[in-house]
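Numbering (this note's numbering), first residue to last: 7 to 446. No residue lacks a Cβ here, since even glycine has one placed at the ideal position from N, Cα and C. Comments concern the structure below.
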């Protein structure tokens, strides 16, 4: 009887795991080729008609034609009365800034003349995981063809992944390694499954592969304030999901850009194209075989663990990952942040003079501290702190051991480091100081 109960418990657990792992897909998505039709170049002119800012924007709304666009506020802030969307070669459509947030660096533009294009579908944070592939779409001011036409075929797409989810100055970002350049600001960050998850916003000049896109949820309130209802992508089950891919269709014919020298349709890292299986039925058969094999494996594993570990409670503890996360603390010992206790909470904390990129900001007149001097994050898997130095002036460990520009070091709770000299010193700790605990 006991043996039967153990097998029943194992099967129930397997069913729960299988249901929780049922694959979900996004509906209402676009391909990469389709997305380029809804990405536009923004040109902001001063009172004399001179272009003072270039950027990118993308269409939002429920359907064609597109009347509203999303972009970064810093693209239009030089002159909100001189914003235009550049279409094709010579056409400029005036825009009004319908809503904006300087703090979030987001602006909603309203076109004077709607454009015959489909708005892009928006995704949500629960549709994004660390390591997911993304494409940053936009109009960098310099490209290989050296043209300033604004056809869909001129849109550049840089490929990367979501490196982490971060919050900076109260605004939620995706850290990405997709290349961003001047002119990309305001363009969409397109998830590999075909929906927009962010607005390409910034790059870190002193580092490689650390760029930022504002999460699209930050723009929803602004869109609602002007009565814009956005098209949203939705998750659905495998049986309901349509076939979709961001791989450009080989049969699609891009709109040629009238230029003296030819230009490629899309500047994008080549994608791995999956071969057609020839039959959707065969795909279903393999999916069923995979599920059955996985179920059998999990059942055997569950039974072994129940036998060895003494019951379902211990099985859950051993099989299911812990949801607890640990970020550690940075404690200021000397200098500007003496006495401060900074909770990492899974985030990377940057030190430096640049308030746009650093959380611990130093006086702009102190040129011994670099604009982005160093960073600290906690690696939960390795249970250590990682200190990275980006400054030629140096970040030092205990014993005056220097880290050169680009070096990293593992720190343990109680280790000390300092910037430039011992007058600016910090300590990393697993737990908050007792004084901080009492105040909490």
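Beta-ladder partner(s) of residue 431, from DSSP:
Position 425 of the chain shown, counted from the first residue, corresponds to residue 431. In the DSSP output, where bridge partners are listed per residue, residue 431 has 340, 424.
Taking the straight line between their C-alpha atoms, what separation do you get for residue 392 and residue 336?
The sequence position of residue 392 within the chain shown is 386, counting from 1. The sequence position of residue 336 within the chain shown is 330, counting from 1. Going by the C-alpha atoms only, they are around 12 Å apart.
Whether residue 220 touches residue 207 by CB criterion (8 Å)
The sequence position of residue 220 within the chain shown is 214, counting from 1. The sequence position of residue 207 within the chain shown is 201, counting from 1. Contact: yes.
Where does residue 175 land, buried or exposed, given buried means 16+ other C-beta within 10 angstroms?
Translated into the one-based positions of the chain shown, residue 175 becomes position 169. With fewer than 16 other Cβ atoms within 10 Å, it is exposed.
In this structure, how does DSSP classify residue 90 when only helix, strand and coil are distinguished?
Position 84 of the chain shown, counting from 1, holds the residue named residue 90. Looking at residue 90 - three-state DSSP - the assignment turns out to be strand.
Tell me residue 210's beta-bridge partners as DSSP assigns them.
Looking up residue 210 in the chain shown gives position 204. According to DSSP, which records beta bridges pairwise, residue 210 is partnered with nothing at all.
Determine the contact status of residue 67 and residue 78, defining contact as a CB-CB distance below 8 Å.
Counting from 1 along the chain shown, the entry for residue 67 is found at position 61. Counting from 1 along the chain shown, the entry for residue 78 is found at position 72. No, the Cβ-Cβ distance between residue 67 and residue 78 is not below 8 Å.
What is the DSSP secondary structure of residue 131, counted as helix, strand or coil?
In the chain shown, the residue the question calls residue 131 occupies position 125. Correct three-state label for residue 131: helix.
I need the boundaries of the beta strand (DSSP E) containing residue 164, first residue and last residue.
For this step, residue 164 is matched to residue 158 along the chain shown. That run of the beta strand (DSSP E) goes 162 to 174.
Just to confirm, are residue 429 and residue 340 a CB contact at a threshold of 8 Å?
As a first step, residue 429 is located in the chain shown; it is residue number 423 there, counting from the start. As a first step, residue 340 is located in the chain shown; it is residue number 334 there, counting from the start. It is a contact, given that the beta carbons lie within the stated cut-off.
Who are the near neighbours of residue 147 in its chain, counting only those whose CB is closer than 6 Å to its CB and skipping five residues on each side?
On the chain shown, residue 147 is found 141 positions in, with the first residue counted as 1. Around residue 147: 60, 188, 189.
So if DSSP puts residue 194 in a beta bridge, which residue, or which two residues, is it bridged to?
Mapped onto the chain shown, residue 194 falls at position 188. According to DSSP, which records beta bridges pairwise, residue 194 is partnered with 205.
Classify residue 298 as helix, strand or coil using the three-state DSSP reduction.
Along the chain shown, read from residue 1 onward, the residue named residue 298 stands at position 292. If DSSP states are grouped into helix, strand and coil, residue 298 belongs with the helices.
Under three-state DSSP, which class holds residue 71?
For the purposes of this step, residue 71 is taken as residue 65 along the chain shown, with counting starting at 1. In this structure, residue 71 counts as coil in the three-state DSSP scheme.
Over what stretch of residues does the beta strand (DSSP E) that includes residue 385 continue unbroken?
What you label residue 385 is simply residue 379 of the chain shown in a count that begins at 1. First-last of the beta strand (DSSP E) with residue 385: 380 to 385.
Residue from 399, 103, 359 with nearest C-alpha to residue 378:
Sequence index remark: in the chain shown, residue 378 carries index 372 (1-based). Here the closest residue by C-alpha is 359.
According to DSSP, simplified to helix, strand and coil, what is residue 248?
By one-based count along the chain shown, residue 248 stands at place 242. Its pLDDT being 44, under 50, residue 248 is placed unreliably in this model, and the coordinates cannot settle the point.
Residues in the same chain with beta-carbon distance under 8 Å from residue 69, minus the five sequence neighbours each way, listed in chain order, please.
Taking the first residue of the chain shown as 1, we reach residue 69 at position 63. Within the same chain, residue 69 has close Cβ partners 124, 125, 237.
Could you give the first and the last residue of the continuous beta strand (DSSP E) run that contains residue 56?
Reading the chain shown from its first residue, position 50 is the one you call residue 56. Run containing residue 56: none; DSSP gives neither H nor E here.
Could you tell me if residue 3 is buried or exposed, where buried requires 16 or more neighbouring beta carbons within 10 angstroms of its beta carbon?
Residue coverage of the chain in this structure runs from 7 to 446, which leaves residue 3 outside it and unanswerable.
Identified DSSP bridge partners for residue 181
Within the chain shown, numbered from 1, the residue matching residue 181 stands at position 175. 170, 218.
Here's the rule: buried if 16 or more other CB atoms are within 10 angstroms of the residue's CB, otherwise exposed. What is residue 476?
Residue 476 is absent from the structure shown; the chain starts at 7 and stops at 446.
For residue 408 and residue 284, the rounded distance between their alpha carbons:
One-based indexing of the chain shown puts residue 284 at position 278. One-based indexing of the chain shown puts residue 408 at position 402. Low confidence applies here, because residue 284 scores a pLDDT of 39, under 50, leaving its location unreliable; read the following figure in that light. Approximately 59 Å between the Cα atoms of the pair.
Can you have a look at residue 47 and say buried or exposed, based on whether 16 or more other CB atoms are within 10 angstroms of its CB?
Mapped onto the chain shown, residue 47 falls at position 41. Buried.
Tell me the residue span of the beta strand (DSSP E) that contains residue 417.
Here residue 417 corresponds to residue number 411 of the chain shown, with the count starting at 1. Here the beta strand (DSSP E) through residue 417 covers 414 to 417.
Beta strand (DSSP E) containing residue 230: first to last residue?
The residue you call residue 230 lines up with position 224 of the chain shown. Premise fails: residue 230 lies in the alpha helix (DSSP H), 223 to 231, not in any beta strand (DSSP E).
Contact the segment 135 to 143 vs the segment 101 to 121: 3+ CB pairs below 8 Å:
no
Anticipated Cβ contact below 8 Å, residue 201 with residue 239, distance rounded:
If you number the chain shown from 1, residue 201 lands on position 195. If you number the chain shown from 1, residue 239 lands on position 233. Between residue 239 and residue 201 the Cβ distance is about 4 Å, and since that is below 8 Å, they are a contact.
Residue 234 and residue 114 closer than 8 Å at C-beta
Position 228 of the chain shown, counted from the first residue, corresponds to residue 234. Position 108 of the chain shown, counted from the first residue, corresponds to residue 114. In contact: residue 234 and residue 114 (Cβ atoms closer than 8 Å).
C-beta atoms of residue 192 and residue 63 nearer than 8 Å
As a working mapping, residue 192 is identified with position 186 in the chain shown. As a working mapping, residue 63 is identified with position 57 in the chain shown. Yes, the Cβ-Cβ distance between residue 192 and residue 63 is below 8 Å.
Which residues bound the beta strand (DSSP E) around residue 117?
Within the chain shown, the letter at position 111 stands for residue 117. Start and end: 112 to 121.
Continuous alpha helix (DSSP H) stretch holding residue 393: start and end:
For the purposes of this step, residue 393 is taken as the residue at position 387 of the chain shown. Segment 390 to 395 is the beta strand (DSSP E) holding residue 393; no alpha helix (DSSP H) there.
At a Cβ threshold of 8 Å, is residue 384 touching chain B?
Among the chains of the structure shown, chain B does not appear; only one protein chain is present.
With a cut-off of 8 Å on the beta carbons, I'd call residue 398 and residue 411 a contact; round off their distance for me.
As a working note, residue 398 is residue 392 in the chain shown. As a working note, residue 411 is residue 405 in the chain shown. At roughly 5 Å, the Cβ-Cβ gap stays under 8 Å, so residue 398 and residue 411 are in contact.
Determine, using beta carbons only, whether residue 338 and residue 350 come nearer to each other than 8 Å.
As a first step, residue 338 must be located in the chain shown, where it is residue number 332. As a first step, residue 350 must be located in the chain shown, where it is residue number 344. Cβ atoms of residue 338 and residue 350: not closer than 8 Å.
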